[in-house]
Amino acid sequence: MYTDETQQNFIISVFPTRASMPDVIFFDNNCNLRRHLEKRAEDVREHFEHTTLVVDAFHWAGKHQQGSDEYCSKFCNPASYPDLYDETKPDKWLFNSSVCEQTNAWVRKFAAQTREMTAVRFEFFLDEVIKAHNEHITVELHRGQHFPHQIPASALE
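Residue numbers (full-length UniProt numbering): 1 to 157.
The following block contains the structure:
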């Protein structure tokens, strides 16, 4: 984010319609985001109405111990949402909620190549490298009969 964009505005810019909003958003600061949204105008609250805001499992285990924040424990604990894990194996999540942390670690591998780049070149490089990486991951997912969700363009209008 380049300016004073809040997390709320960033999410709305990525998912501009209610139909485009995901069912779940994992974010390490979702407790504060959820508190913030409760104080916003009705149209903003309605935009997030059908989206569950939870802290990713990695951050929950390390920074949000059960009981340390009653509000967060009640609304943002990933273990409180059975749809997110295999009920027969409660420690088996149905998807990787720490993918952002892993992606950041992957991007850091390019630090030496990008250190001297201007902002414009860096953004171009990052855009292209992430696009190529995503295409590779999508091919691998399809080979394994897994199909990543794609938002139809009509939902973004």
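Ideal Cβ placement from N, Cα and C applies to all residues, glycine included.
Kindly indicate which three-state DSSP category L141 falls into: helix, strand or coil? helix
Own chain partners of D56 with C-beta closer than 8 Å, once the 5 adjacent residues on each side are dropped
F26, F27, D28, P78, S97, S98, C100 and E101
Is the separation between the beta-carbon of A155 and that of A19 shorter than 8 Å? yes
Suppose the cutoff is 7 Å on Cβ atoms and the five residues either side in sequence are ignored; what does the same chain contact list for T114 look like?
F122 and F125
Original post:
Between V14 and the ligand FMN, is the CB less than 7 Å from at least one heavy atom?
Top reply: For the ligand FMN, the structure offers nothing, since it holds no ligand at all.
Give me the Cβ distance between C31 and Y85, rounded to the nearest whole Å; I'm assuming they're in contact under 8 Å.
-> Not a contact, Cβ separation roughly 20 Å.
(request) In the DSSP assignment, find the alpha helix (DSSP H) that holds F75 and state where it starts and stops. (result) Counting along the chain, the alpha helix (DSSP H) containing F75 begins and ends at E70 to F75.
(Q) What residue range does the beta strand (DSSP E) around T52 cover? (A) T52 to V54
Between which two residues does the beta strand (DSSP E) holding F26 run? V24 to F26
- Residues of its chain near Y2, where Cβ-Cβ distance is below 8 Å and the 5 sequence neighbours each way are ignored: For Y2, the predicted structure reports a pLDDT of 44, less than 50, and the residue's modelled location is therefore unreliable. The matter cannot be settled from this model.
TODO: For W60, count neighbouring Cβ atoms within 10 angstroms of its own Cβ and tell me buried if that reaches 16, exposed if not.
DONE: buried
Closest residue to V54 among H47, T103, Q145 and P82 (Cα-Cα distance)
The shortest C-alpha separation from V54 is found at P82.
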